[in-house]
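Protein chains: 2
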Amino acid sequence: MSLDALVREGAADSSVIMLGGGMPATELFPRAALTDAFRAAMDDPAAAALQYDWPEGRHGLREWVAARLRGRGADVDHNAVILTAGAQQGISLACQFLLRPGSRVRVSAESYPAALELFRQREVVLAVGTAPADCVYVMDGIDNPYGSASDPDARADLIREGLPLIVDEAYAELDFEGRIPRPLLADARDRVWHVGSVSKTLSPGLRTGWLVPPPHLVGRVRRAKFTTDLQSSTMSQLLVERFLATEDYDAHLVRARSLYARRASVLSTAVRRHLPEWRFLEPAGGFALFLQTDHVSEHPTADQEWLRTATHHGVAFDPGSLFQVQPGSGTLAMRLCFSAADDEHLIEGAKRLRTAWRAYLKA
Amino acid sequence: MSLDALVREGAADSSVIMLGGGMPATELFPRAALTDAFRAAMDDPAAAALQYDWPEGRHGLREWVAARLRGRGADVDHNAVILTAGAQQGISLACQFLLRPGSRVRVSAESYPAALELFRQREVVLAVGTAPADCVYVMDGIDNPYGSASDPDARADLIREGLPLIVDEAYAELDFEGRIPRPLLADARDRVWHVGSVSKTLSPGLRTGWLVPPPHLVGRVRRAKFTTDLQSSTMSQLLVERFLATEDYDAHLVRARSLYARRASVLSTAVRRHLPEWRFLEPAGGFALFLQTDHVSEHPTADQEWLRTATHHGVAFDPGSLFQVQPGSGTLAMRLCFSAADDEHLIEGAKRLRTAWRAYLKA
Numbered sequence: 001m002s003l004d005a006l007v008r009e010g011a012a013d014s015s016v017i018m019l020g021g022g023m024p025a026t027e028l029f030p031r032a033a034l035t036d037a038f039r040a041a042m043d044d045p046a047a048a049a050l051q052y053d054w055p056e057g058r059h060g061l062r063e064w065v066a067a068r069l070r071g072r073g074a075d076v077d078h079n080a081v082i083l084t085a086g087a088q089q090g091i092s093l094a095c096q097f098l099l100r101p102g103s104r105v106r107v108s109a110e111s112y113p114a115a116l117e118l119f120r121q122r123e124v125v126l127a128v129g130t131a132p133a134d135c136v137y138v139m140d141g142i143d144n145p146y147g148s149a150s151d152p153d154a155r156a157d158l159i160r161e162g163l164p165l166i167v168d169e170a171y172a173e174l175d176f177e178g179r180i181p182r183p184l185l186a187d188a189r190d191r192v193w194h195v196g197s198v199s200k201t202l203s204p205g206l207r208t209g210w211l212v213p214p215p216h217l218v219g220r221v222r223r224a225k226f227t228t229d230l231q232s233s234t235m236s237q238l239l240v241e242r243f244l245a246t247e248d249y250d251a252h253l254v255r256a257r258s259l260y261a262r263r264a265s266v267l268s269t270a271v272r273r274h275l276p277e278w279r280f281l282e283p284a285g286g287f288a289l290f291l292q293t294d295h296v297s298e299h300p301t302a303d304q305e306w307l308r309t310a311t312h313h314g315v316a317f318d319p320g321s322l323f324q325v326q327p328g329s330g331t332l333a334m335r336l337c338f339s340a341a342d343d344e345h346l347i348e349g350a351k352r353l354r355t356a357w358r359a360y361l362k363a
Numbered sequence: 364m365s366l367d368a369l370v371r372e373g374a375a376d377s378s379v380i381m382l383g384g385g386m387p388a389t390e391l392f393p394r395a396a397l398t399d400a401f402r403a404a405m406d407d408p409a410a411a412a413l414q415y416d417w418p419e420g421r422h423g424l425r426e427w428v429a430a431r432l433r434g435r436g437a438d439v440d441h442n443a444v445i446l447t448a449g450a451q452q453g454i455s456l457a458c459q460f461l462l463r464p465g466s467r468v469r470v471s472a473e474s475y476p477a478a479l480e481l482f483r484q485r486e487v488v489l490a491v492g493t494a495p496a497d498c499v500y501v502m503d504g505i506d507n508p509y510g511s512a513s514d515p516d517a518r519a520d521l522i523r524e525g526l527p528l529i530v531d532e533a534y535a536e537l538d539f540e541g542r543i544p545r546p547l548l549a550d551a552r553d554r555v556w557h558v559g560s561v562s563k564t565l566s567p568g569l570r571t572g573w574l575v576p577p578p579h580l581v582g583r584v585r586r587a588k589f590t591t592d593l594q595s596s597t598m599s600q601l602l603v604e605r606f607l608a609t610e611d612y613d614a615h616l617v618r619a620r621s622l623y624a625r626r627a628s629v630l631s632t633a634v635r636r637h638l639p640e641w642r643f644l645e646p647a648g649g650f651a652l653f654l655q656t657d658h659v660s661e662h663p664t665a666d667q668e669w670l671r672t673a674t675h676h677g678v679a680f681d682p683g684s685l686f687q688v689q690p691g692s693g694t695l696a697m698r699l700c701f702s703a704a705d706d707e708h709l710i711e712g713a714k715r716l717r718t719a720w721r722a723y724l725k726a
């Protein structure tokens, strides 16, 4: 069975505690406010939510994005913002302009799987550490999979170095302490491709994100967005736009950070207790812990075997190889998401992992 | 002012009768049914509509697409269907697999602007008529901009010829008589990239369409969809899926065809009366008339000048050059959409075009 099939099998079985997937907490979805927004949209005689819009998306939502970036020190106008189908489409559009087969993009040794897969599909060379690069993909604020906060020195280096930057802020607003750094585009406006999203904070199912390209390329990126899918969902844009206009987004973020920080603490404690052979960095934000062990396996698909064993014992996770630039180095890793499970399931999940790990080591 | 700016100016001015844009009739949006669907989605404890889903999209909607194609004679399983952000994304994904810079794609001399622009962005050679080609882009059923029904002999040739086909059925269900041909993929399953959408029939703002690639490429296309935008809007998929499960889609199509056929007739009559110098083919379906005149202009941007004059006289349209493989051939053309205007505006629009045309000829 392929890794993909294995992951799907675990997700389909409700008796399996799912600690993979990077999904937001269902409890945080603002259903009532979105229902109000939907009603208002249906009351509009022109039913704009159901109709075509321009490729770059609705003015009001672009203005919100721009104003928020201005509030953080960046010189951004609504005309510079292109609404996208989540952060992923922002990254994908940036790639169309920055990367050719053979180009070198610098990434962290462990990074966001869909970005890594995108780069590989485009036959781009993944450069780690000090290897030469044509551009840099960086998860700023909070990274994935570690949930670490950005290092100020590394950020200063990025600004000094002068390379084009794809800056992915998908998790930035979910720093548990609400410390959101000055956006990199504030200091490198003409070579930063700024990517943001409400997928982690409001709803991923609405697929609403944004891309702020270098100013001289906005027109061309808008045309690329147009030929990709004409525009993002008007309905989703309108629901998000109205939520932001009528609700207190920052208060919503405070609630979200508090819930995720608590769940992070519950899972960290449970993992320390039940899986002492696995080490991880205490996360500063985000949805997950990234766990590594020194256990060396000769098996090239050890990762898959470990997930199979765990699923058999009623718990699933995101295999570490998905995040690794050089997967299969021999030591095992996994991402455990605390975001979408309650305390009881987090603790029970860690216990099942302990049983599974013992079974795996014996096999 | 650029053509794009001119088009936007006309659209933003409510005193201008907009006969461009290819938008569905607001009256046909199924607001009540979608409101029921939204409520049901918010009542789901898991709130699946707001959460992540798999790259290929929801099972129920893929099964509906597959069943409908099976009902038309094609051997299609839900696993072969990938939900996309409208037909445009289906075409765009197909291009990733079929075309490289320098590839030759056969298109009609006048075709769908966003497909032509996509091909040009990818540095693909547009081949018309009997010129050699590596693949064919065809709007099957009803084409754009003419609203003509597919020619059975041309379809038979396409099947015989053996080239890969991107088959765009975006307008197919809006043949005024409801004559929907056997899908081309029924007879060339392994080289047809079948593209469909509910954008014209239910709502473009939901961005819900589908791609049925050749069976041996489904897995790779699913990965390409994943790196493009992870997945299409779960919310939109769920609204459409529930609409199709609880409402009578075919009865909805009958109402839509009837409205559009009547509006086509009103606009055709008005154009024949007020713009006798412009010729057009009586449409068999779709949203628009494509009008051409023998008037030759030396001006390379005559098209733009003509739109500017018309907008000044309170009416706007889609400039013909957008649809032409070789724009600026010297004779003027325009697409007039009857889809989103009521009878009064259609007639008044034609009258304003007459005044504008006289002014244009004098200038």
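Note that the protein sequences, when read in sequence, are chains C and A.
Mapping the first sequence onto the numbering used here, position 167 (from 1) lands on 167, and the numbers just tick up by one.
In the numbering used here, each number is its position in the second sequence, counted from 1, plus 363.
Glycine is no exception: its CB is placed at the ideal position from the N, C-alpha and C atoms.
Measure from the alpha carbon of residue i to the alpha carbon of each residue in the options, then state which is nearest.
| i | options | result |
| --- | --- | --- |
| histidine 579/A | Ala726/A, Arg721/A, Arg433/A, Val439/A | Val439/A |
| aspartate 413/C | Thr228/C, Arg155/C, Cys135/C, Glu63/C | Because chain C in this structure spans residues 1 to 363, residue 413/C falls outside the shown range and cannot be described. |
| glutamine 595/A | Ser471/A, Pro527/A, Gln451/A, Ala535/A | Note that residue 595/A is serine in the sequence shown, not glutamine. The residue with the shortest Cα to Cα distance from serine 595/A is Gln451/A. |
| valine 16/C | Val125/C, Ala341/C, Gly162/C, Ala133/C | Ala341/C |
| arginine 523/A | Val555/A, Gly504/A, Ala535/A | Val555/A |
| tryptophan 54/C | Phe38/C, Ile82/C, Val65/C | Ile82/C |
| glutamate 63/C | Pro276/C, Lys225/C, Gln237/C, Val296/C | Gln237/C |
| aspartate 181/C | Arg72/C, Val128/C, Pro276/C | Contrary to the premise, residue 181/C reads as proline rather than aspartate in this sequence. For the residues Arg72/C, Val128/C, Pro276/C, the minimum Cα distance to proline 181/C belongs to Arg72/C. |
| arginine 433/A | Ile710/A, Ser365/A, Leu547/A | Leu547/A |
| phenylalanine 287/C | Ser148/C, Val7/C, Ala74/C, Asp13/C | Ser148/C |
| valine 603/A | Leu424/A, Trp669/A, Glu536/A | Leu424/A |
| alanine 472/A | Phe460/A, Arg642/A, Gly541/A, Val491/A | Val491/A |
For a cutoff of 8 angstroms on Cβ pairs, would you count residue i as touching chain A?
| i | result |
| --- | --- |
| methionine 18/C | no |
| alanine 47/C | yes |
| glycine 102/C | no |
| glutamine 304/C | no |
| tyrosine 171/C | no |
| tyrosine 137/C | no |
| arginine 106/C | no |
| tyrosine 389/C | Nothing about residue 389/C can be reported from this structure: the residues present for chain C run from 1 to 363 only. |
| phenylalanine 97/C | no |
| alanine 5/C | no |
| phenylalanine 374/C | In this structure chain C extends from 1 to 363, so residue 374/C is not present and cannot be described. |
| threonine 227/C | yes |
| phenylalanine 38/C | yes |
Counting only beta-carbon atoms, is residue i nearer than 8 angstroms to chain C?
| i | result |
| --- | --- |
| threonine 398/A | yes |
| serine 455/A | yes |
| phenylalanine 650/A | no |
| arginine 586/A | yes |
| alanine 352/A | Chain A is shown from 364 up to 726; residue 352/A falls before or after that span and cannot be answered. |
Measure the beta-carbon distance from residue i to residue j and round it to whole angstroms, keeping in mind my assumption that it falls under 8 angstroms.
| i | j | result |
| --- | --- | --- |
| threonine 694/A | aspartate 666/A | That pair is no contact at about 10 angstroms. |
| phenylalanine 243/C | leucine 289/C | Not quite, the Cβ-Cβ distance comes to about 30 angstroms (not below 8 angstroms), so this is no contact. |
| glycine 582/A | tryptophan 573/A | Not confirmed; about 16 angstroms, so no contact. |
| valine 325/C | serine 111/C | 7 angstroms |
| arginine 308/C | leucine 6/C | 6 angstroms |
| leucine 616/A | glutamate 536/A | 6 angstroms |
Query raised in the report: Given a limit of 9 angstroms on CB to CB distance, which residues of the segment 230-253 of chain C reach chain A?
Result: Leu230, Gln231, Ser232, Ser233, Thr234, Met235, Ser236, Gln237, Leu238, Leu239
Report task. Tell me, please, whether the segment 676-695 of chain A touches the segment 711-719 of chain A by the rule of three or more beta-carbon pairs shorter than 8 angstroms. Result -> yes
Query raised in the report: Quick one, which residues of the segment 58-90 of chain C are near chain A if we go by CB-CB under 8 angstroms, in chain order?
Result: Thr84, Ala85, Gly86, Gln88, Gln89
Requested in this report: Decide if the segment 268-284 of chain C is in contact with the segment 79-93 of chain C; the criterion is three or more beta carbon pairs, one per stretch, under 8 angstroms apart.
Outcome: no
Report task. With 8 angstroms as the limit, tell me which residues of the segment 117-141 of chain C have their beta carbon closer than that to any beta carbon of chain A; keep them in chain order. Result -> Glu117, Leu118, Gln121
**Report entry** Residues within the segment 308-336 of chain C neighbouring chain A, beta-carbon criterion of under 9 angstroms
**Finding:** none
Requested in this report: Report the residues of the segment 551-577 of chain A with a CB closer than 7 angstroms to any CB of chain C, ordered along the chain.
Outcome: Ser566, Pro567, Gly568, Leu569, Arg570
Query raised in the report: Is the segment 406-423 of chain A in contact with the segment 526-539 of chain A, if contact means three or more CB pairs nearer than 8 angstroms?
Result: no
**Report entry** Inter-stretch contact (C-beta, 8 angstroms, three-pair minimum) for the segment 577-592 of chain A and the segment 108-118 of chain C
**Finding:** yes
Query - Residues from the segment 382-394 of chain A in contact with chain C, defined by Cβ distance under 8 angstroms - result: Gly384, Gly385, Met386, Pro387, Thr389, Phe392, Arg394
Query raised in the report: Using a beta-carbon distance cut-off of less than 9 angstroms, what residues from the segment 618-632 of chain A approach chain C?
Result: none
Query raised in the report: Three or more C-beta pairs closer than 8 angstroms, one from the segment 386-400 of chain A and one from the segment 26-42 of chain C: is that the case here?
Result: yes
**Report entry** At least 3 beta-carbon pairs within less than 8 angstroms: the segment 240-255 of chain C vs the segment 101-108 of chain C
**Finding:** no
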